[in-house]
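Numbering (full-length UniProt numbering), first residue to last: 1 to 951. Heads up, the beta-carbon is just placed ideally off N, CA and C, and yes, glycines get one too. The structure displayed is predicted, hence computed values, not measured ones.
Structural data, given as structure tokens:
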């Protein structure tokens, strides 16, 4: 910056160069001292004005820096940077002094033209990171760097430009002092270990309001910059919400920069920030080349070519998903890793412990928790590795259903090799390396250990269980497949009126259809093309299933028929078998086995489509596009920010160990090696963006009908449909909040169409992130405020409510494996076959040999416990972890109303769960529906709607 002193009589400005701050002003000596950092080192200058003739120069040493005193005649002088020689300085001053001596100047108080800005920085040093060098090493490195002059600097950027240069005005770079001084415990905020520093700036009044800042880190260690608050006299404080890891300057092509929490549409951007706004977006886009490194901040797209691992074994080779007519898929984060040595189409996966690249700021958490040992996710994760290792070493069968229930009382015993390097920090261990894993009792058996076996509970969970987003109203009878007839034969279902009418309360099929009483859970078309391939594996046996259900006069569902299908082996066509329920109070093991195969289809579809595809995979390109095309200054970025948190991190972890070849899904779910191909097929055949909106989805599935007088413009055909009733409340609240927000941002539809960042964002989501579906139906055009609101509501719904509904019930419903087995290992025996005789002789043993074995169940118990657990850092719908996320009072007021509405919905859900007439909300298992209850404590709670798809 330049500080200006003015002679009133002559009207001439004299500049004091790029001084960083005024240290003192001695009016008696007419002495001005200031610091100059223009040469990247501190040089102090003492400018003294006296009524004398001539110019005296008396340099003297002062604290290791050259300290100069200049005595001038009757006026102020111009002092340039420390790099200038005194000879040149004298020459410049002599030129101006001749004019000034014509009339005595008036000396003005310098401070009156300057403003002090106080910046408070909150950051976390690397010594407090979860995974880093030892804490003491981190401290030593910081100390060495500080002593050698490698410091951390800040520089403020004005919203305004310098009229003489046309560039944004900047302050001098100010360093953070006392970096290595130990922080007292009072300066730490619980669970995040931040350290606070204060940096003072002095600027001229014309500098205006800071709108951005630069941060330069010359330390070897990175640090997590949490936030910076700048106090401006006579104005409210400015807040920079950073939450970003800042590495050494050598890691970046340009300086790290941050904006305040004020938002602007592109056309409204202050002049001083316009160039920086575009420059930062270009940095985040990268150039599409090179392998990404840990410190990179580049967001780019790539296909799923890192799921296979043929380097380990040929059987682990998997097709590339994405950019393919056969296997279309959303895009993932580009890493730029080298190609596999054994598969030129695939990327090398690295070793087991290598993290896939995501920008560092997307990592789940970088800072230790003060209650880390109590964090359920961390505890459960330590259980996972020994359980998986045990899966390879043994396959243990259950002897009874009772034994499975007892696991939650006694724990699971796993023996690992004594020389194993796995973490034995489980609940307790024996000297023989026998690990005892303990688990909480799933709520589905917590009250009644047998109610899960009832048909009505089997049906109820299609409305209120872990996958309530698939069931459809039956709108034609008989139902027909959409698969190719030349390959799969007659498309008409084998279920006839004779099969189901005995269970329709004296109705015929036509009457039941017209009365909206018949429903179907239909996995026929999703699974049939893969059944033959799946069944080639001797360890897995599958059908493609359909389940027909009837809505009784009590308002509950009961299954009335199950159809299981296998492709014919020798010729085109399908073999279909029909099973119907036994009389009330009787047990039919063939019926129970049919239900098992329905549940295994449902488990696979739930994990691969309802959960992974519809929440995780489809959100990833939305997040990438948001960072690439929407500046953090953009109001829509501010609205979407909480709904992108941690998703890229959990997705990368899933590619590493969950959905990869030989990963948890393939090991423990029936589709095994064909799991992700099924996910791709669902994306190809049925995924549309518009149908991810809850009202549209319900109408598509026939679970609601349009009704102008109904909430959200529809009426449910099953009044007691817990997922839908609670979901519509949340959808309405989100939609209203975003409608009010958009109204504050855009004055009319034209402004939406003219917003270049917004239009680029939406174009990239459709044509790049979801490029394989770019020409599909269902993509809205962002040409109005209404279309924008609906689009944003859909995105927020997917990230928060949809994900919560299909994720956080996994342990409560599937932790007890028989209630929702993920694996089927045997087909239903044909009457008269040896297998049928085996079933008759010991039906429970045959049943147990059909579903997951003990080791597979252990992995599922552990995995679902992890996936169903809320972190202590979780941020729920209607919550913001950063109080100063906005400085706009109108936006705060709108968000406050949204928070109030969320609170009202919580009370409404509590009340609904107390209504005994709403039997689907709790069922015979007495498990109230709370999966869409917005808030929750951390841990395994079976409720809570996080803002984002964060686990």
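Starting from the Cα of residue i, find the closest Cα among the options and give me that residue.
{"i": "residue 491", "options": "351, 567, 516 and 227", "result": "567"}
{"i": "residue 120", "options": "241, 205 and 167", "result": "241"}
{"i": "residue 865", "options": "842, 850 and 815", "result": "815"}
{"i": "residue 988", "options": "730, 593 and 737", "result": "Because residue 988 is not part of the residues shown, which for the chain are 1 to 951, the question remains open."}
{"i": "residue 744", "options": "635, 732, 812 and 773", "result": "635"}
{"i": "residue 495", "options": "441, 473, 545 and 578", "result": "578"}
{"i": "residue 934", "options": "727, 123 and 201", "result": "727"}
{"i": "residue 737", "options": "272, 900 and 448", "result": "900"}
{"i": "residue 354", "options": "342, 335 and 361", "result": "335"}
{"i": "residue 320", "options": "749, 677 and 773", "result": "677"}
{"i": "residue 298", "options": "283, 305 and 306", "result": "283"}
{"i": "residue 454", "options": "575, 547, 587 and 498", "result": "587"}
{"i": "residue 872", "options": "939, 652 and 914", "result": "939"}
Report all residues from its chain with a CB closer than 7 Å to the CB of residue i; omit the five preceding and five following residues, and keep chain order.
{"i": "residue 832", "result": "none"}
{"i": "residue 936", "result": "870, 876, 943 and 944"}
{"i": "residue 776", "result": "688"}
{"i": "residue 690", "result": "696, 778 and 780"}
{"i": "residue 88", "result": "Reliability fails at residue 88, whose pLDDT of 41 lies under 50, so the model's placement of it is uncertain and the value that follows must be treated cautiously. Counting only Cβ-Cβ distances below 7 Å, and skipping sequence neighbours, we find nothing."}
{"i": "residue 679", "result": "608, 609, 612 and 613"}
{"i": "residue 955", "result": "Since the displayed the chain opens at 1 and closes at 951, residue 955 lies outside it and no answer follows."}
{"i": "residue 941", "result": "870"}
For residue i, collect the residues of the same chain with a Cβ closer than 6 Å to its Cβ; drop the 5 residues on either side in sequence, then sort them by chain order.
{"i": "residue 98", "result": "The pLDDT assigned to residue 98 is 42, lower than 50, so where the model puts this residue is not dependable, and the model offers no usable value."}
{"i": "residue 41", "result": "Confidence is the limiting factor: at residue 41 the pLDDT is only 37, short of 50, which leaves the residue's position unreliable and the question unanswerable from this model."}
{"i": "residue 26", "result": "Only weak support is given to the placement of residue 26: the predicted model assigns it a pLDDT of 37, under 50, and the question is left unresolved by the model."}
{"i": "residue 545", "result": "523, 564, 597, 598 and 601"}
{"i": "residue 141", "result": "220 and 221"}
{"i": "residue 919", "result": "556"}
{"i": "residue 882", "result": "241"}
{"i": "residue 363", "result": "649"}
{"i": "residue 810", "result": "466, 864, 867 and 868"}
{"i": "residue 532", "result": "567"}
Look at the Cβ atom of residue i, then the Cβ atom of residue j, and state whether they are nearer than 9 Å.
{"i": "residue 445", "j": "residue 925", "result": "yes"}
{"i": "residue 168", "j": "residue 265", "result": "no"}
{"i": "residue 329", "j": "residue 617", "result": "yes"}
{"i": "residue 628", "j": "residue 687", "result": "no"}
{"i": "residue 209", "j": "residue 232", "result": "yes"}
{"i": "residue 244", "j": "residue 645", "result": "no"}
{"i": "residue 693", "j": "residue 797", "result": "yes"}
{"i": "residue 281", "j": "residue 202", "result": "no"}
{"i": "residue 905", "j": "residue 741", "result": "no"}
{"i": "residue 295", "j": "residue 260", "result": "no"}
{"i": "residue 178", "j": "residue 218", "result": "no"}
{"i": "residue 570", "j": "residue 525", "result": "no"}
{"i": "residue 620", "j": "residue 331", "result": "yes"}
{"i": "residue 246", "j": "residue 194", "result": "no"}
{"i": "residue 199", "j": "residue 118", "result": "yes"}
{"i": "residue 398", "j": "residue 440", "result": "no"}
{"i": "residue 888", "j": "residue 323", "result": "no"}
Below 8 Å on the Cβ atoms is my guess for residue i versus residue j; work out the distance and round it to an integer in Å.
{"i": "residue 662", "j": "residue 316", "result": "5 Å"}
{"i": "residue 839", "j": "residue 589", "result": "6 Å"}
{"i": "residue 947", "j": "residue 643", "result": "5 Å"}
{"i": "residue 932", "j": "residue 730", "result": "6 Å"}
Whose C-beta lies closer than 8 Å to the C-beta of residue i among residues of the same chain, with five residues either side of it excluded?
{"i": "residue 235", "result": "209"}
{"i": "residue 769", "result": "301, 330, 331, 620, 621, 622, 624 and 625"}
{"i": "residue 633", "result": "259, 262, 263, 264, 269, 273 and 277"}
{"i": "residue 528", "result": "481, 483, 488, 544, 565, 567 and 574"}
{"i": "residue 794", "result": "689, 690, 692 and 693"}
{"i": "residue 558", "result": "455, 456, 459, 503, 549, 550, 552 and 581"}
{"i": "residue 928", "result": "913, 921 and 922"}
{"i": "residue 162", "result": "168 and 169"}
Taking contact to mean 3 or more Cβ pairs, one atom from each stretch, closer than 8 Å, check whether the region 853–868 and the region 696–707 are in contact. no
Counting Cβ pairs, one atom from each stretch, are 3 or more of them under 8 Å apart for the region 148–158 and the region 170–180? yes
Spell out a yes or no on whether the region 595–611 and the region 466–476 are touching, meaning 3 or more CB-CB pairs, one atom from each, closer than 8 Å. yes
Hey, is the region 785–795 in contact with the region 735–751, meaning 3+ C-beta pairs nearer than 8 Å? yes
Report yes or no: do three or more beta-carbon pairs, one from the region 821–831 and one from the region 839–858, lie closer than 8 Å? yes
Are three or more beta carbon pairs between the region 331–347 and the region 301–312 nearer than 8 Å? yes
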